[in-house]
Amino acid sequence: MKSIILVAVLAGVSVGTVQSADAQVVVEVAPPDAYIASVTPEYYENRPVYFYNNYWYYRDHGRWLYYRHEPGYLHGRRAYWGGRGGGYHGPARHGYYGGGARYHYRR
Amino acid sequence: MSAALGCGGSNTPPANEPGGGSADVAEAQPAQPGSGLNEDESTSDLAAHARHHHHGGFAMFIAMSMDQINTTPEQKGAIEKIRTDLWAKMEPAHDAEKIVLLAVADGVASGQFDQGKIDAAISDVSTKSAGIHDAITDSLNQLHETLTPPQRQALVDKVEAQFSVWHSANAPEEDKEHGHLAKLAKEYGLTQDQVDKARAAYEQAIGSVPHFDRAEADAHIKSFGEAFTSDHFDAKALPTKGELNAHMAVWGINRMVKLYEAVTPVLTPDQRTKLADNIRHHANSQPNEG
């Protein structure tokens with residue numbers, strides 16, 4: 001599951017604050033290591049970014065961040081990276097045996 | 108747990124943008140270690156690779172990552188040269204590992220493992236792996252000079268991810284759903300009884316093997332990452348030396364050997380033949396340099 005949607009009923013929890021009765025907290029899960037290890041990044045704002053599960057992710061001091069609103073440049077790059085919805089892994093993805101990618105191990 | 112709160116609720120500092128602006132970003136929850144290993148053919152192959160090829164340690168992770176950092180045509184010549192050099196420097200360790208794999212394949216096929224031959228070959232892998240770091244320092248320095256700062260960061264991202272995959276695939280405990288034994292069960296049609304017996308034998312055997320110290324690798328990742336993403340990098344100045352690669356190789360190979368030794372007695376002759384062929388495939392594979 002790539003996104004975890006938690007619906008928390010806050011009434012009675014936050015006393016003295018003005019909040020809605022319900023709040024929706026959306027937590028996106030960073031790309032798995034196996035994905036980062038096997039996909040080619042795009043570059044944006046002088047850093048590598050990775051298209052995963054319909055979001056663009058990048059690392060910053062050990063944390064994974066994502067753009068909640070897709071920058072225009074990256075939106076334009078979706079065509080190259082697939083742009084066919086969630087979970088697309090990009091055309092430059094490599095396996096390790098067979099196929100044409102480099103450093104596959106071959107017999 | 109950090110989360111992206113609905114509109115305007117993020118407590119994550121905005122990322123810097125050209126011109127001093129900010130982007131609307133949020134922090135993601137870290138993925139589970141080892142997750143995604145069997146997500147598709149590519150990651151499944153990656154896991155299979157991580158279970159059988161340990162000889163190069165971090166040098167192998169770097170070489171494997173070089174193709175996937177989106178280099179430019181102008182960088183191609185330099186990258187090719189560095190890649191070729193890296194694989195060449197790892198070749199002695201690769202060849203030593205091949206001897207282990209072939210000995211293990213013979214053991215699986217016959218049901219008799221030549222422990223003396225396997226132990227001697229593992230010792231040789233250890234020696235050869237330990238020499239890799241010093242052998243590739245010039246190549247790493249050239250790689251740093253060749254890459255742009257974002258590409259250096261991408262390489263560090265990927266090396267860290269490669270290590271995490273390797274570490275998960277070679278954890279002492281066997282993941283019941285995604286571990287090596289589960290993979291063998293699926294691939295060769297093992298019964299639950301076969302799996303249970305193999306697991307019990309493996310757990311008993313692996314207990315006597317000195318485990319890999321992840322802290323050693325984490326320290327290397329940190330120092331390598333900081334150094335490689337800086338403007339000035341000298342691989343010779345890295346605090347971690349060749350021992351780390353040797354430790355990784357010895358642990359990974361020992362784990363693999365113990366697992367195959369544990370599973371072999373419960374296999375049928377046909378299953379043993381097929382498994383031995385698969386191990387020979389890994390033994391005889393070569394890095395694809397283009």
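Sequence lines, in order, name chains D and Z.
Here the working numbering is used: position 19 in the first sequence is 19, and no number is missing along the way.
Positions in the second sequence are counted from 1; adding 107 to them yields the working numbering.
Glycine included, C-beta positions come from ideal geometry on N, C-alpha and C.
Listing by chain order, which chain Z residues have their CB less than 9 Å from the CB of residue i?
i	result
Tyr57 of chain D	Ala135
Starting from residue i, find everything on chain D with Cβ-Cβ shorter than 7 Å and list it in chain order.
i	result
Gln325 of chain Z	The question names Gln, but residue 325 of chain Z is Asp in the sequence shown. Near Asp325 of chain Z there are no residues of chain D at all, since even the closest Cβ is about 11 Å away, more than 7 Å.
Lys343 of chain Z	Simply none; closest approach about 25 Å.
Leu153 of chain Z	Ala34, Ala37, Ser38, Tyr96
Gln260 of chain Z	Arg47, Pro48
Ser271 of chain Z	Asp33
Ala383 of chain Z	Neighbours of Ala383 of chain Z on chain D: none; closest Cβ ~15 Å, over 7 Å.
Ser142 of chain Z	Pro32
Thinking just about the alpha-carbon of each residue, which of the options is nearest to the one in residue i?
i	options	result
Ala227 of chain Z	Z:Gln393, Z:Asp377, Z:Gln378, Z:Ile360	Z:Ile360
Val263 of chain Z	Z:Met173, Z:Ser392, Z:Ser151, Z:Thr380	Z:Met173
Val357 of chain Z	Z:Ser392, Z:Lys235, Z:Gly314	Z:Lys235
Gln260 of chain Z	Z:Ala334, Z:Thr244, Z:Val370	Z:Ala334
Gln269 of chain Z	Z:Asn391, Z:Leu193, Z:Ala157	Z:Ala157
Glu382 of chain Z	Z:Thr244, Z:Ala166, Z:Asn277, Z:Lys293	What sits at residue 382 of chain Z in the sequence shown is Leu, not Glu. Looking at the Cα atoms, Z:Lys293 is the closest of the given residues.
Pro41 of chain D	Z:His201, Z:Gln175, Z:Phe168, Z:His161	Z:Gln175
Ile206 of chain Z	Z:His162, Z:Ile189, Z:Ala170, Z:His318	Z:His162
Val211 of chain Z	Z:Asn391, Z:Pro199, Z:Ile386	Z:Ile386
Gln182 of chain Z	Z:Ala135, Z:Glu252, Z:Val370	Z:Glu252
Asp60 of chain D	Z:Gly332, Z:Asn248, Z:Pro346	Z:Gly332
Met167 of chain Z	Z:Val364, Z:Ile243, Z:Asn177	Z:Ile243
Ile225 of chain Z	Z:Asp320, Z:Asp341, Z:Val364, Z:Trp273	Z:Val364
Trp273 of chain Z	D:Tyr58, D:Asp33, D:Gly76, D:Asn54	D:Asp33
Leu345 of chain Z	Z:His354, Z:Ala326, Z:Ala353	Z:Ala326
Gln393 of chain Z	Z:Ala195, Z:Lys348, Z:Thr178, Z:Val232	Z:Ala195
Quick one: grab the DSSP three-state call for residue i.
i	result
Asp241 of chain Z	helix
Glu279 of chain Z	Per the sequence shown, residue 279 of chain Z should be read as Pro rather than Glu. Note: Pro279 of chain Z maps to coil in three-state DSSP.
Leu65 of chain D	strand
Asp22 of chain D	Any reading at Asp22 of chain D must be qualified, since the residue scores a pLDDT of 48, below 50, and its modelled position is unreliable; no value is offered.
Glu42 of chain D	strand
Ala133 of chain Z	strand
Phe165 of chain Z	helix
Glu252 of chain Z	helix
Pro71 of chain D	coil
Pro180 of chain Z	helix
Gln393 of chain Z	strand
Asp60 of chain D	strand
Pro140 of chain Z	coil
Phe51 of chain D	strand
Met204 of chain Z	Note that residue 204 of chain Z corresponds to Glu in the displayed sequence, not to Met. Reduced to three states, the DSSP call for Glu204 of chain Z is helix.
Glu187 of chain Z	helix
Gly85 of chain D	Below a pLDDT of 50, predicted positions are generally treated as unreliable, and Gly85 of chain D, at 36, falls in that range; the measurement from the model is reported next regardless. Gly85 of chain D: coil per DSSP, three-state reduction.
Glu28 of chain D	strand
Leu6 of chain D	The predicted model places Leu6 of chain D with a pLDDT of 41, which falls under 50 and marks its position as unreliable, so this point remains unresolved.
Gln219 of chain Z	coil
Thr375 of chain Z	coil
His274 of chain Z	helix
His388 of chain Z	helix
His160 of chain Z	coil
Glu284 of chain Z	coil
Thr380 of chain Z	helix
Ser172 of chain Z	helix
Gly128 of chain Z	With a pLDDT of 39 at Gly128 of chain Z, under the threshold of 50, the modelled position of this residue cannot be trusted; read the value that follows with caution. In the structure shown, Gly128 of chain Z sits in coil (DSSP, three-state: anything other than H, G, I, E or B).
In chain Z, what lies closer than 7 Å to residue i by C-beta?
i	result
Asn46 of chain D	Pro256, Pro257
Ala30 of chain D	Ala135, Gln136, Pro137, Ala138
Ala79 of chain D	Near Ala79 of chain D there are no residues of chain Z at all, since even the closest Cβ is about 16 Å away, more than 7 Å.
His69 of chain D	Asp131
Tyr43 of chain D	Asn177, Pro257
Just confirm the distance between the C-beta atoms of residue i and residue j, as a whole number of angstroms; I'd bet it's less than 8 Å.
i	j	result
Leu351 of chain Z	Gly184 of chain Z	Rounded, the Cβ-Cβ distance is 31 Å, inconsistent with contact.
Ser330 of chain Z	Pro140 of chain Z	With 8 Å as the limit, Ser330 of chain Z and Pro140 of chain Z do not qualify as a contact, their Cβ atoms being about 21 Å apart.
Trp64 of chain D	Pro137 of chain Z	7 Å
Arg78 of chain D	Ala133 of chain Z	Between Ala133 of chain Z and Arg78 of chain D the Cβ distance is about 19 Å, and since that is not below 8 Å, they are no contact.
Leu291 of chain Z	Glu281 of chain Z	Not a contact, Cβ separation roughly 10 Å.
Ile328 of chain Z	Glu267 of chain Z	5 Å
Lys304 of chain Z	Val373 of chain Z	5 Å
Leu74 of chain D	Val49 of chain D	7 Å
Pro279 of chain Z	Ile313 of chain Z	6 Å
Leu208 of chain Z	His389 of chain Z	6 Å
Leu366 of chain Z	Tyr309 of chain Z	5 Å
Tyr43 of chain D	Pro71 of chain D	12 Å between Cβ atoms; not a contact.
Leu144 of chain Z	Ser230 of chain Z	Actually they do not touch by this definition, with Cβ atoms about 30 Å apart.
Arg379 of chain Z	Thr371 of chain Z	6 Å
Closer than 7 Å to a non-hydrogen atom of the ligand HEM - does that hold for the CB of residue i?
i	result
Ala237 of chain Z	By its list of ligands, the structure shown contains no ligand whatsoever, and the ligand HEM lies outside what it can speak to.
Chain D partners of residue i, CB-CB under 8 Å?
i	result
Ala265 of chain Z	This sequence places Lys at residue 265 of chain Z; Ala is not what is there. By Cβ distance, chain D contributes Ile36, Ala37.
Name, please, each residue of chain D whose Cβ falls closer than 9 Å to the Cβ of residue i.
i	result
Ala268 of chain Z	Pro31, Pro32, Asp33, Ala34, Tyr35, Ile36, Ala37, Ser38
*chain B contacts made by the segment 177-210 of chain Z, where a contact means CB separation under 7 Å*: No chain B is present in this structure, whose protein chains are D and Z.
*Would you mind listing the alpha helix (DSSP H) stretches within the segment 286-367 of chain Z that are 4+ residues and don't spill past its ends, in chain order?*
287-295, 299-313, 321-335
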